[in-house]
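Sequence positions in the sequence shown follow this note's numbering and run -2 to 221.
We treat Cβ as the ideally placed atom computed from N, Cα and C, and that holds for glycine.
I have placed the structure first, in the form of structure tokens, so that the comments after it can refer back to it.
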Amino acid sequence: MVNFHEVCPELRITEEDIQAMEAEQQRGCQEELLYGDGDYMDGPEEAIEFVNDGSQQDAETNQFDRIVGALTDILIDPEFEAAKDDFCKRYCIHFEDSGENKLEYMDVFTKYTELLEAIIDTRLRQAVPGFDMQGFLHMIDTRRQELMSDVFDLLLSLGDFEAFKDMMLSFKQEQSGGGLGFEVQVRALRVHNEEEEGGDARPDLDGQGLCISPISRRVKPLAA
């Protein structure tokens, strides 16, 4: 048997040659994946989805994500929203838009914080095994940018009096009729079936049969 490596030593394949061929083959596969052949590029585009199953995250990150997800569910729960609205309706009348902060404001703030914290703590303990409120608050300090705006605003209102006061003032404005109503005024007009000669044109009276103004929702007949 002829040994080609002995006859033609230049044909000997070294380890460096093998590595170079593997690198070239891998580069060719990548180019084919990126650019494809002509037939593939002419076809319909396919969307590639990358799903993060959490397998590459640490335990604390996974726990944080579970808590935030459960907290988001609580925020959109009608029962939670009703409890929050009932509290605001009851106490917003005590707040005034001024630089002065009355002592009763802090009492209301304390009640609000205790009420919502109790609801949130109970619901999260049911939804997330091993939940600890203090541990969660500690995680928030380093992960504020990961919180959605609604979640962050709620947590901010629990620990920031000024944010709470702004919320109560906004609620008070809505409750006191921040939106405009409508008043419909109806005036009976005399209808002329025949034109009168010698009369003066009154374009200023055109379209005066119905007048709508943003005052209140009621219908009021006016004298002809």
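Identify, in the order they occur along the chain, each residue of the same chain with its Cβ nearer than 6 Å to the Cβ of R63, setting aside the five sequence neighbours on each side. Numbered from its first residue, the sequence shown carries residue 63 at position 66. V125.
Taking 9 Å as the cut-off, decide whether the C-beta atoms of F168 and K86 are in contact. Taking the first residue of the sequence shown as 1, we reach residue 168 at position 171. Taking the first residue of the sequence shown as 1, we reach residue 86 at position 89. In contact: F168 and K86 (Cβ atoms closer than 9 Å).
DSSP state of V125, grouped into three classes? Within the sequence shown, numbered from 1, the residue matching residue 125 stands at position 128. In the structure shown, V125 sits in coil (DSSP, three-state: anything other than H, G, I, E or B).
In three-state terms, what does DSSP make of Q60? Taking the first residue of the sequence shown as position 1, residue 60 is located at position 63. If DSSP states are grouped into helix, strand and coil, Q60 belongs with the helices.
Go to I137, then tell me how far its alpha helix (DSSP H) extends in each direction, as first and last residue. Start at 1 with the first residue of the sequence shown, and residue 137 comes out as number 140. Note, I137: alpha helix (DSSP H), M130 to T139.
From R120 to E114, what does the alpha carbon distance come to, in whole angstroms? Here residue 120 refers to the residue found at position 123 when the sequence shown is read from its first residue. Here residue 114 refers to the residue found at position 117 when the sequence shown is read from its first residue. Approximately 10 Å, taken between the alpha carbons.
Below 8 Å, can you find three or more Cβ-Cβ pairs linking the segment 130 to 146 to the segment 89 to 106? no
Going by beta-carbon coordinates alone, are L68 and I117 separated by less than 9 Å? The count along the sequence shown starts at 1 and reaches residue 68 at position 71. The count along the sequence shown starts at 1 and reaches residue 117 at position 120. Yes, these two residues count as a Cβ contact at 9 Å.
How many Å lie between F133 and C89 at the Cα? As a position in the sequence shown, residue 133 is number 136, starting the count at 1. As a position in the sequence shown, residue 89 is number 92, starting the count at 1. Between F133 and C89, the C-alpha separation is close to 29 Å.
Can you list, in chain order, the residues of its chain whose CB lies under 7 Å from that of Q172, leaving out five sequence neighbours each side? Numbered from its first residue, the sequence shown carries residue 172 at position 175. Around Q172: K86 and C89.
Starting from F158, follow the alpha helix (DSSP H) in both directions and report where the run begins and ends. For the purposes of this step, residue 158 is identified with residue 161 of the sequence shown, where counting begins at 1. Looking at the DSSP string, the run of the alpha helix (DSSP H) that includes F158 is F158 to Q172.
Within 10 Å of its beta-carbon, does Q54 have 16 or more other beta-carbons around it, so buried, or fewer, so exposed? What you label residue 54 is simply residue 57 of the sequence shown in a count that begins at 1. Exposed, because fewer than 16 other Cβ atoms sit within 10 Å of the Cβ of Q54.
Please state if the CB of D83 and the CB of L166 are separated by a distance shorter than 9 Å. Position 169 of the sequence shown, counted from the start, is the residue given in the question as residue 166. Position 86 of the sequence shown, counted from the start, is the residue given in the question as residue 83. In this structure, D83 does not lie closer than 9 Å to L166 by Cβ.
Quick check on DSSP: helix, strand or coil for E180? Residue 180 sits at position 183 when you count from the first residue of the sequence shown. Any answer about E180 is weak, because its pLDDT of 41 lies below 50 and its placement is not dependable; what the coordinates show is given next. Reduced to three states, the DSSP call for E180 is strand.
If you drop the 5 nearest sequence neighbours on each side, which residues of the same chain put their C-beta closer than 7 Å to that of L155? Your numbering for residue 155 matches position 158 in the sequence shown. Answer for L155: T110, L113 and E114, listed in chain order.
Out of curiosity, what's the CA-to-CA distance linking G127 and K162? Indexing the sequence shown from 1 puts residue 127 at position 130. Indexing the sequence shown from 1 puts residue 162 at position 165. Between G127 and K162, the C-alpha separation is close to 33 Å.
Whole runs of the alpha helix (DSSP H) within the segment 56 to 118, excluding any shorter than 4 residues: 56 to 72 and 75 to 88
Using a threshold of 9 Å, state whether the C-beta atoms of A160 and D150 are closer than that. Counting from one through the sequence shown, the residue named residue 160 turns up at place 163. Counting from one through the sequence shown, the residue named residue 150 turns up at place 153. Taking 9 Å as the Cβ cut-off, A160 and D150 qualify as a contacting pair.
Any idea what DSSP makes of L151, helix, strand or coil? Position 154 of the sequence shown, counted from the first residue, corresponds to residue 151. L151 falls in the helix class under three-state DSSP.
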